[in-house]
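Numbering (the working numbering), first residue to last: 63 to 152.
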């Protein structure tokens with residue numbers, strides 16, 4: 063019985079740490095975006111706070127190089143507008 067409680071306790075702590083990491087990244091992203099682009103609309107803040115960790119990581123990477131706020135959230139890849147063809151032999 064004691065070992066089951068220990069396992070449950072560890073799982074509970076791991077879940078809390080993960081939730082804290084997501085919350086912290088969301089707040090950091092909002093602060094970064096506000097510093098770089100100005101005020102972040104409440105609907106964007108809500109979207110950021112509801113995002114999963116992998117999504118937050120993707121948005122953070124985009125935010126570093128983004129030229130505007132909407133491009134952080136767009137599904138398009140940032141490297142696709144260089145005008146350079148990626149086909150071989152062309």
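From the three backbone atoms N, C-alpha and C, an ideal C-beta is built for every residue, glycine too.
Per DSSP, the unbroken alpha helix (DSSP H) holding residue 133 starts and ends at 131 to 135.
Three or more beta-carbon pairs separated by less than 8 Å link the stretch 127 to 136 to the stretch 88 to 108, which places the two stretches in contact. Listed in chain order, the non-local C-beta contacts of residue 88 below 7 Å within the same chain comprise 110, 111, 113 and 118, local neighbours out to five positions each way being set aside. With contacts defined as CB atoms closer than 8 Å, residue 115 and residue 91 fail to qualify as a contacting pair. In this chain, the alpha helix (DSSP H) harbouring residue 125 covers 115 to 127.
For residue 108, the closest C-alpha among the options 72, 85 and 127 is that of 85.
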